[in-house]
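Reading through the structure tokens given below for one structure.
There are 2 protein chains.
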Amino acid sequence: MADGEGRAVRFGIIGCAAIACTLFRAIKLAPNATLVAIASRSLSKAEVFKSANGVEDSVTLYGDYESLLDDPSVDAVYIPLPTSLHVKWAVAAVEKKKHVLLEKPTAMNVAELDVIIQACEVNGVQFMDGTMWMHHRRTDKMKEFISDPSLFGELKTVHSNFTYLADSNFLANDIRLNPNLDGLGALGDIGWYCIRSILWATDYKLPNSVIANRNPTFNDSGVPLSCGASLIWDNGLIATFHCSMQAQMSMDLCVIGTRGIIHVNDFVLPFDETFASFNHCSDSRFTEPIIGWRRPLPREEVVQMEIPQDARMVVEFSKLVVGVRDEHRSPEMKWAAITRKTQLVVDAVLASIENEFKPVDVHQG
Amino acid sequence: MADGEGRAVRFGIIGCAAIACTLFRAIKLAPNATLVAIASRSLSKAEVFKSANGVEDSVTLYGDYESLLDDPSVDAVYIPLPTSLHVKWAVAAVEKKKHVLLEKPTAMNVAELDVIIQACEVNGVQFMDGTMWMHHRRTDKMKEFISDPSLFGELKTVHSNFTYLADSNFLANDIRLNPNLDGLGALGDIGWYCIRSILWATDYKLPNSVIANRNPTFNDSGVPLSCGASLIWDNGLIATFHCSMQAQMSMDLCVIGTRGIIHVNDFVLPFDETFASFNHCSDSRFTEPIIGWRRPLPREEVVQMEIPQDARMVVEFSKLVVGVRDEHRSPEMKWAAITRKTQLVVDAVLASIENEFKPVDVHQG
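For the protein sequence lines, the chains are A and B, in the order given.
According to this note's numbering, the first sequence is numbered sequentially starting from 53.
According to this note's numbering, the second sequence is numbered sequentially starting from 53.
The structure is reproduced here in structure tokens:
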């Protein structure tokens with residue numbers, strides 16, 4: 053049997069958050085995955101989700117999470133619960149030998165995340181977080197570009213921002229702003245992507261230190277609504293990011309090397325599901341006299357998508373699950389390592405904010 | 053006589069730096085300006101410039117700066133000398149009642165700049181610095197957009213970067229990297245534009261404090277090759293910038309309000325001289341489920357140019373000069389005020405670098 057072409061991975065979804073609708077569709081679109089069960093805190097909530105999303109009758113509904121985890125027909129679970137509940141339910145799932153696709157932010161801190169990752173290692177299950185843009189074909193194409201020394205040279209700086217304008221209802225009620233549920237606020241919700249994009253650009257080389265930007269904003273419960281940071285490496289490399297729930301939507305990534313540059317303004321959620329593009333340029337110079345840019349100018353590269361990035365994430369996760377389930381392979385631990393580095397930087401940003409914006413050293417630990 | 057439509061302003065150029073070629077062309081293209089004299093440190097240097105640029109025989113060449121300043125046929129001077137010489141020669145020009153178009157960075161620090169500005173006030177001459185992009189019609193259009201509350205809302209954040217890759221010859225020989233000539237390095241050469249763009253976006257509201265980014269790089273003489281900073285205002289507004297002579301060319305500006313956003317990737321020198329564009333978007337939202345952006349997506353607005361931004365700068369400066377020269381108007385001091393705020397932030401970035409990246413308060417003084 054060819055790699056990852058086994059029987060479809062049977063998914064259960066634990067929790068019916070808004071993002072569960074996205075993954076419900078993604079599992080449907082992924083040829084190597086199938087949804088078999090949905091659990092919510094009550095059966096009625098699961099039924100509301102079923103009717104709102106047109107869930108097939110073949111999918112079992114559960115009114116509690118444990119019962120889904122006890123269902124032997126479930127290979128893997130997608131967990132979109134509030135972040136503070138991740139460690140409990142991810143570990144519970146892993147101990148029932150369920151492979152785990154865990155929504156981001158993955159944990160309240162790296163200590164919690166380590167409990168989850170360790171449980172995955174002990175139980176031999178696949179772990180992946182729900183950072184969808186990592187699985188877009190554009191991301192692969194951009195990586196090709198920045199990995200080519202003749203096009204890109206050596207990485208020098210990265211800037212990323214992800215902002216959106218939360219309305220008053222969201223600010224008052226969303227779990228992402230409740231310190232008892234998702235205390236990481238904008239940093240966990242969207243700063244996560246900026247940090248991931250920076251680590252992605254550096255080939256996951258952890259920065260030596262992280263310095264939070266001054267002027268973060270918080271809600272009355274102390275949950276971040278906007279913040280940012282600079283990340284510093286030994287060799288002069290610097291990256292900055294800004295995230296906010298209080299500004300017009302942006303999802304910008306700019307990666308600059310000595311010889312090349314890429315720009316993308318929809319890196320997390322592409323404007324269109326069937327294609328996406330990025331702008332790149334290599335070896336630009338000034339004209340003489342200095343009145344403009346010498347040709348060639350930055351060019352747009354368009355990447356077509358047969359299935360959207362969320363479905364491609366499910367496909368890639370499911371291939372790994374099939375490898376473990378049917379082919380006695382070891383789980384692919386690179387995804388856990390990437391998640392852990394992201395969480396380490398999230399923790400460092402918060403620590404820097406709490407420590408009066410002093411630099412916080414980042415250690416693999 | 054209509055505003056600024058008097059006899060053409062008669063320009064002298066003091067110094068034959070590379071950027072003088074740009075202004076030589078700009079003066080030629082500006083209908084209300086004419087070049088009458090060029091001075092260099094020696095007549096032979098002026099003659100080289102003349103033959104390299106096709107300077108008309110009607111233009112007087114001088115082998116020293118004083119003689120040009122003594123020429124009564126010169127109304128205004130453009131000064132592209134190394135920054136450390138600005139205070140001496142700008143003041144000398146002003147005391148001869150010459151209006152001054154001063155290349156940026158305008159001075160080594162605000163104390164020097166204040167000497168220049170005060171001399172302009174005392175002598176009643178027009179001052180403007182050579183920040184060309186301020187005079188592009190696109191800049192006006194972008195300002196219209198961010199000034200419209202229904203399109204842009206309230207300003208929340210700005211990010212700007214300007215980078216280019218200096219070659220080894222430039223790094224070894226360019227005056228911008230010689231501490232005895234232009235000790236501000238990348239900060240003065242290109243960080244100047246980033247800082248100006250941030251101030252422009254805030255309607256020239258000075259930040260409360262400036263914090264330099266860690267990891268600046270310097271040449272062996274201690275001149276900055278790359279650096280950046282965050283600028284902080286009381287109301288939660290934050291802006292960041294990065295400038296470098298060690299990375300592929302970029303000239304990015306992203307301005308984000310609560311309701312709108314603009315992106316431009318060639319804000320200092322447009323890709324094309326006859327038109328330029330910027331992308332803008334208002335009131336973007338996520339789709340439900342969260343798989344993308346709701347329409348309308350960001351749109352490109354194209355602005356046509358009859359004459360390039362450098363020529364438009366000369367036109368606008370010359371109009372003001374005609375007002376003073378022929379119509380007994382007072383010089384327009386807004387340009388000096390904008391220059392001064394830019395220089396104050398430049399100074400604060402350097403002070404923060406020198407003070408171990410601590411915040412530096414910015415005062416109007």
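Using N, Cα and C, we set each Cβ at its ideal position, and we do this for glycine too.
Contacts with chain B at 8 Å (Cβ-Cβ) include W345(A). Taking the Cβ atoms as the reference, C295(A) lies roughly 13 Å from I405(A), outside the contact range of under 8 Å.
Per DSSP, the beta bridge partners of D304(B) are N213(B).
Around the Cβ of R190(A), a 10 Å sphere holds 16 or more other Cβ atoms; the residue is buried.
For the options D166(A), D219(A), D109(A), V111(A), the alpha carbon positioned closest to that of R311(B) is the one of D219(A). The Cβ-Cβ distance between G240(B) and P322(B) does not fall below 8 Å. In the assembly as shown, K393(A) is a buried residue. Its beta-carbon has 16 or more other beta-carbons within 10 Å.
Secondary structure within the segment 238-270 of chain B: the alpha helix (DSSP H) runs of 4 or more consecutive residues, fully enclosed, are 244-253 (chain order).
Under the DSSP definition of a beta bridge, H415(A) lacks any partner. With contacts defined as CB atoms closer than 8 Å, L165(B) and Q395(B) qualify as a contacting pair. In this structure, Y117(A) sits near W141(A), with a CB-CB distance shorter than 8 Å. Using a CB distance cut-off of 8 Å, M301(B) counts as an interface residue toward chain A. According to DSSP, R62(A) shares a beta bridge with T86(A).
Residues of the same chain with a CB within less than 6 Å of the CB of T391(B), apart from the 5 flanking positions on each side, are T158, D181 in chain order.
Residues of chain A whose Cβ lies closer than 7 Å to the Cβ of D362(B) are, in chain order, I343. For R93(B), no CB of chain A lies under 8 Å from its own CB, so it is not counted at the interface with that chain. Per the C-alpha coordinates, the member of M184(B), V111(B), Q178(B) positioned closest to V143(B) is Q178(B). Secondary structure within the segment 78-125 of chain A: the beta strand (DSSP E) runs of 3 or more consecutive residues, fully enclosed, are 85-91, 112-114 (chain order). Shown here, M194(B) sits in a helix according to DSSP, grouped into three states.
Residue range 179-181 is occupied by the beta strand (DSSP E) that includes M180(B), with no alpha helix (DSSP H) assigned at that position. Using a CB distance cut-off of 8 Å, L217(B) counts as an interface residue toward chain A. Flagged as an interface residue toward chain A: T209(B), by a C-beta distance shorter than 8 Å. In summary, the residues of the segment 310-340 of chain B whose CB is separated from some CB of chain A by less than 9 Å are T310, R311, G312, I313, H315, N317, D318, L321, P322, F323, D324, E325, N331, C333, S334, D335, S336, R337, F338, T339, E340, in the order they occur in the chain. Residue state for S404(B) is assigned as helix, using DSSP reduced to three classes.
Interface with chain B (8 Å Cβ-Cβ cutoff): R77(A) is included. Contact note: N271(B) does not reach chain A at a C-beta cutoff of 7 Å; the least C-beta distance is about 13 Å. For W345(B), the three-state secondary structure derived from DSSP is strand. Taking 8 Å as the threshold, the shortest C-beta distance from G280(A) to chain B falls below it. Taking the CA atoms as reference points, L251(B) sits about 14 Å from D399(B).
For G205(B), no beta strand (DSSP E) segment is defined, and its DSSP state is neither H nor E. Put simply, the backbone Cα of I168(A) is about 10 Å away from that of A388(A). Short of 7 Å from the beta carbon of M385(A), and not among the five residues preceding or following it, lies no beta carbon of its own chain. Per the DSSP secondary-structure output, A328(B) pairs in a beta bridge with V355(B).
Under a criterion of Cβ atoms nearer than 8 Å, no residue of chain B is adjacent to P157(A); the nearest Cβ is some 15 Å distant. The beta-bridge partner set that DSSP reports for D318(A) consists of M303(A). If you draw a 10 Å sphere on the C-beta of F327(B), you find fewer than 16 other C-beta atoms in it, and that means exposed.
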